[in-house]
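*Asks:* Got a structure here, written out as structure tokens. Questions coming.
Residue numbers (the UniProt record's numbering): 1 to 626.
Written out as structure tokens, the structure reads:
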């Protein structure tokens, strides 16, 4: 038997963090015979057997599994089976109904529309990222974090086909390094049957999708990214799974991985089934899965999808469609406990792992340690900032003064969590428009607005994330088929200039510690002028650990140009413009300050010193004292 009694104990207690080492299919030698040990969990099955290439897809008595534990672990050894053999489990329920199921722990799967699991041997891939992987424990909060979110299949194509993991390993690390991103975030890479689900409706949680190659090809991609010092974050979906018959749904003929209560299991909004996050074996399955991706693929971080769906019993349900917990609230206590155990386990085993939550409510302390009563994530996506600011940039500048608080309100709650400012794929699909096309105005103003907004975003406290295609002003909404509109960079100067702007902005972010050293400390940000709604101008300071690194941002959200605009400044000294979104080489009007300005001893904006500056139309500038 591949697993011990202690393995069984931990698995059934929900405490196993590496049960993939004995669950699923493993090539091994038993009694001097080489074959495969199959193990699965099906607590209410009457019989379990294996079917596949080796049996001509016909059931046979000799391929039956034995029930090994009272709580439903079935196992059996079949000799002669080799790597790359296709297989499925045959489950007979208590009513003698039989159905075929893919292996929940399969390491590889057939490409859609086929659904069989595939036997894989233990990987012999030789990692060369040891310096990256073994670096000292990092404080993520005082380091730069600028994330490029992407879908592997639609970034670039070759001859109208997906790039493979190997193709991407040659192109993607170089591109991200040149553009100045610190991390890449992959939309889910777990096996899934429908391209249009973007990987968020999974059948193979342990199977890297076969659309782009095999497991070692994915390792090569990640290894190549690490060589360029690009961290890798994976979108991970532990909340729900798709209903496809070959998957986890009603695995043994009864609710197994999903909640037993139908209202709780049914995810109406996405047409999926919610994991039973209170069931011990499901917890072992999911926590082990997170560890699997981190350990086996050197993933640097997980962005946990749809945390709101997990922690609220009422999520996506109308009144009368859900039941309160024993305290009379809509909090799913099992989900909260699961998330805390998940994050605690990951941080104990892999302390450098970045843990991000997509959570859209005011649930407290999402990004605080469990010992402080939090959920244990490092970061939370700032959905409030995203919604408010994207509403603002659509408004005609004439009326922006009536909506001035949409851009400064986020600072009132900025320190309640450790936020990531995220402009994700969700904001450029389903007729929401591409990012540049959301901006108010004509062609020129749309690009000026994009540059202005992104400079403001870089200046605002919090780590950063944008979705692919934004960096050169793609006008088309993202689509999972085809590729990004890369031809725009070659064919249109404004797109080429925008691409250059993003490259320079990213470098500016990395080069200036004031933009990331104190993201979550109150003295890392100060308003100079927060309430100038009449002119729609925002002025603020970013500060690092050294006073000399202080930056001043002036962001003008109207197309009005100001020649001698007076602002208060914090220090005596000479002020120099070090970044300007209105540069001609970025596609702007070229209203720059090419001379140093000496501060005068005149109070303004409640500061002892002041200067007069140029403020470009629909643009932002950044000043630094010398």
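Backbone N, C-alpha and C define an ideal beta-carbon position, used for all residues, glycine too. All values reported here derive from a predicted model rather than from experimental measurement.
Return the Cβ separation of residue 498 and residue 450 in integer angstroms, given the expectation that the two are a contact with Cβ distance under 8 Å.
*Replies:* Between residue 450 and residue 498 the Cβ distance is about 7 Å, and since that is below 8 Å, they are a contact.
*Asks:* List the DSSP bridge partners of residue 362.
*Replies:* None, per the DSSP bridge assignment.
*Asks:* Unbroken beta strand (DSSP E) runs of length 3 or more, entirely within the region 45-71: which are they?
*Replies:* Those beta strand (DSSP E) runs which fall completely within the region 45-71 and span 3+ residues are 47-52.
*Asks:* With residue 235 as the anchor, note down where its beta strand (DSSP E) starts and where it stops.
*Replies:* Note, residue 235: beta strand (DSSP E), 231-236.
*Asks:* Which value, in whole angstroms, describes the spacing of the CA atoms of residue 122 and residue 25?
*Replies:* Approximately 11 Å between the Cα atoms of the pair.
*Asks:* DSSP three-state call for residue 214: helix, strand or coil?
*Replies:* Coil.
*Asks:* Between the alpha carbons of residue 115 and residue 193, how many angstroms are there, rounded?
*Replies:* Taking the straight line from one Cα to the other gives about 8 Å.
*Asks:* Consult DSSP for residue 173 and reduce its assignment to one of helix, strand or coil.
*Replies:* Three-state result, residue 173: helix.
*Asks:* For residue 208, I'd like the list of residues in its chain whose CB is within less than 6 Å of its CB, leaving aside the five on either flank, ordered along the chain.
*Replies:* Same-chain partners within the cutoff: 189, 215 and 218.
*Asks:* Where does residue 609 land, buried or exposed, given buried means 16+ other C-beta within 10 angstroms?
*Replies:* When all chains shown are included, residue 609 counts as buried.
*Asks:* Let's test the definition: count the other Cβ atoms within 10 Å of the Cβ of residue 323 and tell me whether it reaches 16, buried, or not, exposed.
*Replies:* The residue is exposed, with fewer than 16 neighbouring Cβ atoms inside 10 Å.
*Asks:* Tell me whether residue 104 is buried or exposed, calling it buried when 16 or more other Cβ atoms sit within 10 Å of its Cβ.
*Replies:* Flag for residue 104 reads buried.
*Asks:* For residue 503, report the span of its alpha helix (DSSP H) as first-last.
*Replies:* Segment 493-511, the alpha helix (DSSP H) holding residue 503.
*Asks:* Taking just the CA atoms, how far does residue 453 sit from residue 427?
*Replies:* If you take the alpha carbons of residue 427 and residue 453, they lie about 15 Å apart.
*Asks:* Using CA coordinates, which residue listed in 225, 234, 281 and 53 is at the minimum distance from residue 199?
*Replies:* Comparing Cα-Cα distances from residue 199 to each of 225, 234, 281 and 53, the minimum goes to 234.
*Asks:* Use the C-beta contact count for residue 372: other C-beta atoms within 10 angstroms, 16 or more gives buried, fewer gives exposed.
*Replies:* Looking at its Cβ environment, which holds fewer than 16 other Cβ atoms inside 10 Å, residue 372 is exposed.
*Asks:* Let's see if you can read the secondary structure: which residues bound the alpha helix (DSSP H) around residue 133?
*Replies:* From DSSP, the alpha helix (DSSP H) with residue 133 extends over 130-133.
*Asks:* Please confirm whether residue 471 and residue 303 have their CB atoms less than 7 Å apart.
*Replies:* No, the pair does not count as a contact, with Cβ atoms beyond the cut-off.
*Asks:* For residue 117, which residues in the same chain have their Cβ closer than 6 Å to its Cβ, ignoring the five residues on either side in sequence?
*Replies:* The residues are 87, 102, 103, 106 and 109.
*Asks:* Using a Cβ distance threshold of 8 Å, determine whether the region 149-159 contacts the region 478-487, with at least three qualifying pairs required.
*Replies:* Short answer: they touch.
*Asks:* If we count Cβ pairs, one from each stretch, closer than 8 Å, do we get three or more for the region 134-142 versus the region 346-364?
*Replies:* Taking 8 Å as the limit for Cβ pairs, the verdict is that the region 346-364 does touch the region 134-142.
*Asks:* When you compare the CB positions of residue 549 and residue 514, do they come within less than 7 Å of one another, or not?
*Replies:* Their beta carbons are under 7 Å apart, which means residue 549 touches residue 514 by this criterion.
*Asks:* Assign residue 19 to one of three DSSP states: helix, strand, or coil.
*Replies:* Helix at residue 19.
*Asks:* Below 6 Å, is the gap between the Cβ of residue 442 and the nearest heavy atom of the ligand ZN?
*Replies:* In the structure on display, the ligand ZN does not appear, and there are no ligands present to speak of.
*Asks:* Okay, do the region 261-270 and the region 48-68 touch, 3+ Cβ pairs below 8 Å being the bar?
*Replies:* Segments in contact, no.
*Asks:* Could you pull out every unbroken alpha helix (DSSP H) segment of at least 4 residues lying fully inside the region 409-484, listed in chain order?
*Replies:* As far as the region 409-484 is concerned, its whole alpha helix (DSSP H) runs of at least 4 residues are 435-438 and 443-459.
*Asks:* In chain order, what residues of the same chain lie with their CB nearer than 7 Å to the CB of residue 476, ignoring the 5 residues before and after it?
*Replies:* Cβ within range, chain order: 434 and 485.
*Asks:* If I follow the unbroken alpha helix (DSSP H) through residue 280, where does it start and stop?
*Replies:* That run of the alpha helix (DSSP H) goes 280-297.
*Asks:* Kindly indicate which three-state DSSP category residue 593 falls into: helix, strand or coil?
*Replies:* In the structure shown, residue 593 sits in coil (DSSP, three-state: anything other than H, G, I, E or B).
*Asks:* In terms of DSSP beta bridges, what is residue 302 paired with?
*Replies:* Answer is 234 and 355, bridged to residue 302.
*Asks:* Could you tell me which of 558, 509 and 5 sits nearest to residue 403, measuring between CA atoms?
*Replies:* The option with the nearest alpha carbon to residue 403 is 558.
*Asks:* Nearest-angstrom Cα distance between residue 376 and residue 79?
*Replies:* Taking the straight line from one Cα to the other gives about 44 Å.
*Asks:* Within its chain, find whatever has a CB closer than 6 Å to the CB of residue 160; leave out the 5 residues flanking it on each side and keep chain order.
*Replies:* Within the same chain, residue 160 has no close Cβ partners at all.
*Asks:* Can you tell me whether residue 583 is buried or exposed, with buried defined as 16 or more other CB within 10 angstroms of its CB?
*Replies:* Classification of residue 583: buried, given that the 10 Å Cβ count is 16 or more.
*Asks:* To the nearest angstrom, how far is it from the Cα of residue 591 to the Cα of residue 448?
*Replies:* Cα to Cα, residue 591 sits roughly 12 Å from residue 448.
*Asks:* Do three or more CB pairs link the region 1-9 to the region 44-54 at distances below 8 Å?
*Replies:* With the cut-off at 8 Å, the region 1-9 and the region 44-54 do not touch.
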